[in-house]
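Protein chains in written order, with this note's numbering: chain A, 148 to 449; chain B, 128 to 414.
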């Protein structure tokens with residue numbers, strides 16, 4: 148059997164308990180056969196949505212030291228880089244330096260960054276996004292990055308085109324408040340992928356999905372989403388429709404399992420707590436390996 | 128379907144690349160459905176068998192801070208604790224304090240300890256760890272996985288009900304291409320012996336994987352050390368065979384594989400981890 152050989156460098160948070168950052172990304176990628184090298188940007192007891200959290204952060208220098216170790220052994224060869232939420236500008240700048248070094252020709256390494264922090268640093272816009280190949284902002288982040296509002300689907304398409312110009316060939320707006328054709332219990336997600344045709348022209352595939360809303364606050368879902376989009380665009384590099392259907396479907400399965408379990412734990416009439424809402428990651432292994440498609444992406448013709 | 132609800136706290140090393148410590152233990156346990164909370168005692172670029180390695184260590188205080196975070200949220204409830212290679216006495220003592228507290232919270236907690244001290248007659252941790260293991264760690268352990276060097280028959284007397292000597296230089300009945308492993312469980316009175324094929328390579332992370340898998344299989348076969356050992360040693364065999372084949376492929380004919388090439392083929396072994404085909408039989412020893 149031909150084995151997949153695909154190595155991801157993931158630079159994200161580590162929590163002792165729960166599923167955010169590297170904890171959210173590593174297991175599902177490994178289940179899908181990816182080799183995952185992980186640099187933990189922080190080590191916290193749990194995510195910051197709990198009543199309490201404690202831990203330590205990695206400095207930009209310490210990040211550099213770890214990367215140096217990998218480089219000295221000449222094993223700094225990756226097919227993908229994945230990064231997540233970062234609060235520290237100098238850390239982010241070190242991440243960008245590392246990625247630029249990893250991206251040097253002859254191989255071009257796809258770089259995914261899940262989202263842009265609310266307190267937007269110029270670093271993200273001017274340095275990170277230009278070296279990214281796949282980004283997964285929500286509507287607010289997409290608007291911030293481009294300086295353009297999204298009120299209609301047409302606006303969203305224009306924003307995604309602007310984002311393409313900034314660097315990434317694949318953009319997924321993970322959620323928006325555009326009205327869904329299925330009613331107000333659904334939200335709208337959009338994706339756009341620009342590919343080079345054999346004749347040198349660029350072709351863009353755009354898709355739209357209606358995603359059922361869930362009445363709960365999840366943490367780690369964005370990290371899982373980015374990891375799964377990495378996996379499914381890897382398997383379907385020229386088919387954003389299928390990659391999105393797989394990705395959003397696995398999210399749906401994990402979230403449904405999580406919310407059922409959380410309600411069971413909390414008891415009738417009670418809102419589940421953050422510990423109770425931790426993603427049911429290991430229990431979702433079968434869905435991660437082979438997600439049943441439960442939502443269809445519409446290809447937009449413009 | 129009844130879902131397994133079993134939470135492990137694993138306090139081990141983290142390497143960016145490769146499979147030792149928590150990297151070796153977490154994925155296979157998660158594949159088998161265990162929830163794994165992991166405290167990384169160090170973060171290194173890779174294991175120390177490579178030409179180069181760099182990184183940072185966690186102090187005993189920092190370990191305590193992380194544990195405090197878990198405790199403040201009242202989620203410090205574990206079914207298992209797993210520890211491995213440690214170089215620092217104060218860190219190890221903090222680990223013992225944490226385990227004692229966790230055992231008060233859950234008296235049924237099972238502490239699985241790989242008492243990493245050395246092999247083949249020489250120690251590879253500081254000498255001052257030996258008394259900490261002997262006097263403080265082993266007495267609170269429930270399952271330990273020493274090699275022949277590390278074991279004393281005293282170990283059962285010191286606390287743990289289950290002891291597996293992972294490798295020894297006792298002569299094998301199958302010849303010198305095999306080594307002997309032994310397992311003993313005091314309450315159930317199981318004593319088993321296995322002949323394990325030797326592999327001509329140095330692996331790193333296999334001890335960590337072994338301890339994690341022994342945790343898993345004694346969990347599923349709590350009164351059947353024979354089956355638990357057969358499953359555990361079999362999965363080790365599959366992972367190691369896959370790894371050595373791949374390493375030789377990478378290295379090329381006539382060349383010894385390097386440490387990076389010898390990293391365990393962990394994610395590629397998922398199917399074997401989930402359901403290991405039994406490839407070796409444990410002999411039950413009657414005393």
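Cβ atoms here follow ideal geometry from the backbone N, Cα and C, with glycine treated the same way. Nothing here was measured: the structure is a model prediction, and the numbers come from that model.
Alpha carbon to alpha carbon, how far is residue j from residue i? Give it in angstroms, no decimals.
i                      : j                      : result
residue 399 of chain B : residue 287 of chain B : 29 Å
residue 334 of chain B : residue 147 of chain B : 8 Å
residue 355 of chain B : residue 402 of chain B : 12 Å
residue 224 of chain A : residue 374 of chain B : 17 Å
residue 156 of chain A : residue 331 of chain B : 21 Å
residue 450 of chain A : residue 190 of chain B : Nothing about residue 450 of chain A can be reported from this structure: the residues present for chain A run from 148 to 449 only.
residue 360 of chain B : residue 157 of chain B : 19 Å
residue 357 of chain A : residue 234 of chain A : 31 Å
residue 273 of chain B : residue 376 of chain A : 42 Å
residue 297 of chain B : residue 166 of chain B : 36 Å
residue 343 of chain A : residue 350 of chain A : 6 Å
residue 280 of chain B : residue 321 of chain B : Low per-residue confidence applies at residue 280 of chain B: pLDDT is 49, beneath 50, and the placement is therefore not dependable enough to give any value.
residue 154 of chain B : residue 174 of chain A : 6 Å
residue 263 of chain B : residue 186 of chain A : 33 Å
residue 160 of chain B : residue 441 of chain A : 24 Å
residue 361 of chain A : residue 401 of chain A : 12 Å
residue 364 of chain B : residue 307 of chain B : 14 Å
residue 415 of chain A : residue 232 of chain B : 27 Å
residue 220 of chain A : residue 305 of chain A : 44 Å
residue 218 of chain B : residue 184 of chain B : 10 Å
Please report the Cβ distance between residue i and residue j, rounded to the nearest whole angstrom; I am assuming they are in contact, meaning their Cβ atoms lie under 8 Å.
i                      : j                      : result
residue 394 of chain B : residue 177 of chain A : 5 Å
residue 201 of chain A : residue 240 of chain A : About 27 Å separates the two Cβ atoms, so there is no contact after all.
residue 217 of chain A : residue 188 of chain A : In fact, because the Cβ distance is near 15 Å, the residues do not count as touching under 8 Å.
residue 265 of chain B : residue 282 of chain B : 6 Å
residue 228 of chain A : residue 249 of chain A : 6 Å
residue 370 of chain A : residue 172 of chain A : 5 Å
Residue i bridges to which residues according to DSSP?
i                      : result
residue 141 of chain B : B/170
residue 411 of chain B : B/319
residue 158 of chain A : A/186, A/230
residue 161 of chain B : Residue 161 of chain B pairs with nothing; no bridge assigned.
residue 334 of chain A : A/358
residue 209 of chain B : B/137, B/239
residue 323 of chain A : A/335
residue 341 of chain A : A/351
residue 191 of chain A : A/162, A/202
residue 289 of chain B : B/270, B/312
residue 324 of chain B : B/305
For residue i, collect the residues of the same chain with a Cβ closer than 7 Å to its Cβ; drop the 5 residues on either side in sequence, then sort them by chain order.
i                      : result
residue 286 of chain A : 297, 320, 322, 323, 324
residue 221 of chain B : 187, 190, 191
residue 397 of chain A : 375, 434, 435, 438
residue 148 of chain A : Low per-residue confidence applies at residue 148 of chain A: pLDDT is 41, beneath 50, and the placement is therefore not dependable, though the value from the model is reported in the following sentence. None.
Starting from the C-beta of residue i, find all residues in its chain whose C-beta is less than 6 Å away, skip the five residues before and the five after it, and write them out in chain order.
i                      : result
residue 311 of chain B : 290, 318
residue 370 of chain B : 391, 392
residue 255 of chain A : Residue placement at residue 255 of chain A cannot be trusted, given a pLDDT of 45 that sits under 50; what the coordinates show is reported in the next sentence. There are no such residues.
residue 197 of chain A : 421
residue 171 of chain B : 142, 180, 182
residue 354 of chain A : 338, 387, 388, 391, 444, 446
residue 151 of chain B : 332, 335, 336
residue 170 of chain A : 162
Please indicate yes or no: does the CB of residue i lie closer than 6 Å to some heavy atom of the ligand MN?
i                      : result
residue 181 of chain B : Absent from the structure shown: the ligand MN. Ligands present: none.
Only counting the same chain, and skipping five residues up and downstream in sequence, which positions put a Cβ closer than 8 Å to that of residue i?
i                      : result
residue 315 of chain A : 276, 279, 280, 281, 282
residue 251 of chain B : 243, 244, 245
residue 135 of chain B : 156, 161, 162, 163, 164, 205, 206, 207, 208, 209, 342
### Message
For the segment 349 to 358 of chain B against the segment 317 to 329 of chain B, do three or more pairs of beta-carbon atoms, one drawn from each stretch, fall closer than 8 Å, so that the two count as touching?
### Response
Contact holds between the segment 349 to 358 of chain B and the segment 317 to 329 of chain B, because three or more Cβ pairs, one in each stretch, are under 8 Å apart.
### Message
Closer than 8 Å is the cut-off here; do at least three beta carbon pairs connect the segment 374 to 394 of chain A with the segment 422 to 429 of chain A?
### Response
no
### Query
Counting Cβ pairs, one atom from each stretch, are 3 or more of them under 8 Å apart for the segment 338 to 346 of chain A and the segment 308 to 317 of chain A?
yes
### Message
Tell me whether the segment 406 to 419 of chain A and the segment 204 to 211 of chain A touch, counting them as touching only if at least three CB pairs, one residue from each stretch, are closer than 8 Å.
### Response
no
### Query
Counting Cβ pairs closer than 8 Å, one from the segment 197 to 216 of chain B and one from the segment 236 to 251 of chain A, do we hit at least three?
no
### Query
On the three-pair Cβ rule with 8 Å, is the segment 155 to 171 of chain A touching the segment 183 to 192 of chain A?
yes
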